[in-house]
Amino acid sequence: MNFKHFIYMSIAILILSCQQNPANINSSKTIDAQVQELLAKMTLEEKIGQMNQYSGFMDFTGPEPDKGQAATKLDHIKKGWVGSMLNVHGVENVRAVQKIAVEESRLGIPLVFGFDVIHGYKTISPIPLAEAASWNLEAIKRSAEIAAEEASAAGINWTFAPMVDISRDARWGRVMEGAGEDPFLGSQIAKARINGFQGEDLAASHTIAATAKHFAGYGFAEAGRDYNTVDVGTTTLYNVILPPFEASLEADVKSVMSAFNVLNGIPATGDQFLLRNILKDQWDFQGFVVSDWDSVGEMVNHGYAEDGRDAAKKSVLAGTDMDMESYHFIEELASLVEAGEVDEDLIDDAARRVLKVKFELGLFEDPYKYLSKDRENELVYSPKFKDEVSDIARRSIVLLKNDNNILPLKKSNRKIAIIGDLAQDKTSPLGSWRIAADDGTAEPLVEAMQAYEANNTINYTAGPQLIIGETKFVKELKVNTTDRSGFDEAVKSSKNADVVIMNLGEHGLQSGEARSRTRLGLPGLQQELLEAVYKVNPNIVLVLQNGRPLTLNWAEKNIPAIVEAWQLGSFSGSAIAQVLYGDYNPSGKLPMSFPRHVGQLPLYYNHLSTGRPNDPNQNDVFRSHYTDELNTPLYPFGFGLSYTNFTYNNFKVTTQTSSNAIEVTVNVENSGDMDGTETVQVYIRDLVAQISRPVKELKAFQQVKIKAGEKVNLTFTLTEEDLGYYLPNGDWIFESGEFEIFLGSNSQDTSSKLIEL
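Residues 1 to 757 in full-length UniProt numbering are what the sequence shown lists, from first letter to last.
Structure representation (structure tokens):
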């Protein structure tokens with residue numbers, strides 16, 4: 001290389017370096033020091049810009065708008081007044097808008113790109129509630145890893161997941177997005193998902209930043225109606241609602257999303273008690289808080305803020321760091337600071353938090369690190385994900401009933417009738433909250449059964465339609481309640497079948513955000529169809545696909561086999577078929593109680609005892625009960641059957657007085673003739689405490705695969721951390737005394753022993 005070439009190359013490298021780092025940040029310093037150095041160079045408006053998030057508003061690969069809102073937002077990006085974009089995905093689109101931010105703004109600060117990667121990007125895993133039914137933390141973690149790998153290949157580096165809200169009310173449609181009713185299980189799953197999304201190195205090109213949402217109490221919306229008021233005591237707040245969020249911080253989650261709801265009359269986005277006192281001060285959260293969509297502006301609707309200016313002020317004072325799509329931060333904060341109503345130190349703190357995550361993602365080192373077209377082509381819809389996503393789907397299936405061992409199906413010389421509109425649907429199994437996935441890409445049950453390597457005759461009849469008209473995420477679905485076209489044909493086709501598989505439930509978009517329901521039976525004409533088929537052929541396997549617990553009293557009483565198959569994602573059909581034929585022994589356990597009647601809701605296993613507990617043997621009526629229904633769920637939390645049998649023996653509990661620890665041991669035998677997986681669950685009850693404690697609380701579980709005829713010895717250790725609880729003022733306490741230790745296969749079927757510490 002001659003001297004002239006050396007000079008040219010040096011200049012080229014310098015130009016490239018300036019393009020990627022126009023703010024000239026010293027990368028040899030710590031991230032905190034680099035952030036501080038950058039903040040010192042920023043104007044007030046640029047700092048506020050880091051707190052501003054816009055949704056995609058134009059085609060960034062096309063011509064620039066010359067007027068209107070899109071032109072204004074584009075100008076804000078060029079000025080460095082935007083910190084994040086959401087709903088911009090795909091390498092070409094992301095590169096185009098990142099190029100504007102990096103190469104046209106004064107300091108060239110890169111944008112972070114957020115997206116709702118909830119249970120997959122294009123390749124869709126089971127809905128989160130279904131994955132929670134696997135009780136397999138490694139599988140759940142792997143699902144998030146796959147989602148992160150695929151989404152990051154499309155330019156995404158931040159997801160609005162996981163939802164860690166605990167909910168006890170199946171009327172709330174967003175139960176499909178969470179882990180169910182239990183704070184211990186929910187906490188373990190929250191950590192697994194975050195570790196899956198973020199990995200061991202957030203700066204790697206295959207990991208993305210995670211968001212724990214919605215802080216806090218959203219799952220307790222009154223009457224299960226989305227966006228509704230939340231009114232809970234602090235005992236519930238500290239012991240049920242907050243633990244999964246605290247666990248998320250233990251997993252180093254990078255962002256937390258505030259909730260839509262009020263708590264104690266204060267909208268969560270403007271709640272200083274939640275965001276500053278608990279999250280940032282007590283828990284020392286170092287990431288940033290993002291509002292939910294326009295939840296800053298919605299404080300006006302709540303009657304908590306006078307207008308957008310007041311909403312912006314109260315949000316920032318409370319601890320909200322980034323405004324998602326209300327525009328009030330970018331419109332109002334500068335003048336609020338200049339008027340002395342908001343301290344600029346709060347702006348610095350918010351911008352610092354956002355910038356730190358960008359540095360941790362490696363965006364300052366290379367703003368285009370996620371933007372490889374070759375990688376996008378290789379990984380989006382990659383066949384390499386199929387086996388693992390299929391395995392996650394199989395693990396999520398719960399066997400609810402199997403009288404007379406109707407399952408698994410025999411593989412030869414059987415006439416099988418498949419009935420149900422859902423059985424042919426290639427979109428519904430994708431579930432809700434899968435906004436990047438393409439309709440029609442799910443594997444339907446009927447095709448999987450027809451392609452299965454079994455010498456059986458498969459006859460499919462759809463029966464009446466479930467949904468009439470279009471199915472869109474942002475539109476109400478119209479359920480068919482009157483058009484019985486196909487009804488008689490479905491009944492007729494079932495008469496001479498050896499087995500009838502009825503694939504019924506909810507459409508994938510009947511659960512999720514804003515999909516609250518007051519009736520939890522089979523929608524539309526499905527219950528009528530089920531009963532009509534039963535009259536001519538009771539040999540039915542009911543395969544449910546749904547996003548929430550349903551009321552199934554009639555089916556439980558009459559149908560011999562019931563399989564809870566949820567909405568299992570891209571490879572739904574083959575996962576169900578493998579379970580039906582016994583090539584996979586179902587191992588799922590329910591993460592939510594299934595009610596007998598919607599009037600029981602909210603329903604949950606870890607309730608408190610009342611002063612007059614229900615005793616069915618009591619002669620008078622003065623006890624806590626219903627006069628027209630049992631108190632108990634139809635299927636309890638933790639419930640799930642197998643094609644084999646598990647026997648529990650030698651259940652022992654010993655105490656370690658020096659450490660106040662409890663050791664629980666048990667021998668579990670597979671006493672059936674098929675290999676299977678059992679999830680052994682340990683619950684406790686603190687019999688006397690400063691406040692009333694739940695009748696049972698899950699504190700440990702182990703999932704173990706046991707071959708037919710084999711035995712395994714399991715040991716669980718419970719510490720003071722497992723045995724303590726939070727007082728109403730938020731103080732954590734452990735008290736010595738008497739505890740009841742329960743062990744079993746679900747929350748209802750347990751053995752127990754008393755111990756004293």
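Yeah, the Cβ is synthetic: ideal placement off N, Cα and C, and Gly gets one too.
Note that the structure is predicted; figures quoted are calculated from it, not measured.
- Residue state for H597 is assigned as coil, using DSSP reduced to three classes.
- A distance below 6 Å between beta-carbons, with the five flanking residues on each side excluded, links L542 to the following residues of its chain, in chain order: M502, A555, I559, I562.
- For the pair A161 and P183, the CB atoms are not nearer than the 9 Å cut-off.
- For the pair Y218 and I266, the Cα-to-Cα distance works out to about 13 Å.
- The bridge partners DSSP lists for V289 are V256.
- Taken through DSSP and simplified to helix, strand or coil, D749 comes out as coil.
- In its chain, beyond the 5 residues on either side, A203, K369 have a beta carbon closer than 7 Å to the beta carbon of G362.
- In the DSSP secondary-structure assignment, S84 is bridged to Q53, V112.
- A direct Cα-Cα distance of roughly 16 Å separates I467 from Q567.
- Under DSSP, A451 takes part in no beta bridge, so it has no partner.
- A distance below 7 Å between beta-carbons, with the five flanking residues on each side excluded, links N631 to the following residues of its chain, in chain order: N614, H625.
- For L317 and V342, the gap between their C-alpha atoms comes out near 7 Å.
- In the three-state reduction of the DSSP assignment, Y370 falls in the coil class, being assigned neither a helical nor a strand state.
- Note on geometry: alpha-carbon atoms of L525 and F571 lie some 27 Å from one another.
- Distance from the CA of N52 to the CA of G340, rounded to the nearest whole angstrom, comes to 21 Å.
- Between the alpha carbons of D439 and N649 lies a gap of roughly 49 Å.
- When the five nearest sequence neighbours on each side are left out, the beta carbons in the same chain lying within less than 7 Å of the beta carbon of G180 are those of L129, A132, G186, P591, M592, in order along the chain.
- Rounded to the nearest angstrom, the Cβ distance from K589 to V398 is 7 Å, consistent with a contact under 8 Å.
- Cα atoms of A448 and R414: separation of roughly 16 Å, rounded to the nearest angstrom.
- Of the other Cβ atoms in all chains shown, fewer than 16 fall within 10 Å of the Cβ of E64; this residue is therefore exposed.
- Residue burial is scored here from C-beta neighbours: A311 has at least 16 other C-beta atoms within 10 angstroms and is therefore classed as buried.
- Per the C-alpha coordinates, the member of M163, P728, D366 positioned closest to I25 is D366.
- DSSP assignment within the region 485-525 yields the following whole alpha helix (DSSP H) runs of 4 residues or more, N-terminal first: 487-494.
- Judged by pairs of C-beta atoms under 8 Å, the region 384-400 does not touch the region 469-482, as fewer than three such pairs exist.
- In the DSSP annotation of this structure, E669 is not part of any alpha helix (DSSP H); the continuous beta strand (DSSP E) holding it starts and ends at 661-670.
- Taken through DSSP and simplified to helix, strand or coil, Q36 comes out as helix.
- One thing to note: V300 has its Cβ no nearer than 9 Å to the Cβ of S258.
- In the DSSP assignment, S143 falls within the unbroken alpha helix (DSSP H) covering 137-153.
- In the three-state DSSP reduction, I458 falls in the strand class (E or B).
- Contact between the region 151-171 and the region 206-213 is present: 3 or more CB-CB pairs across the two stretches fall below 8 Å.
- In this structure, R171 sits near L601, with a CB-CB distance shorter than 9 Å.
- DSSP links P694 through a beta bridge to L608.
- For the options Q198, E506, T719, the alpha carbon positioned closest to that of L522 is the one of E506.
- Between the C-alpha atoms of A147 and D116 there is a straight-line separation of about 11 Å.
- Where G573 is concerned, the enclosing alpha helix (DSSP H) starts and stops at 572-580.
- A check of alpha carbon separations from S55 across G83, E37, K41, T30 identifies G83 as the nearest.
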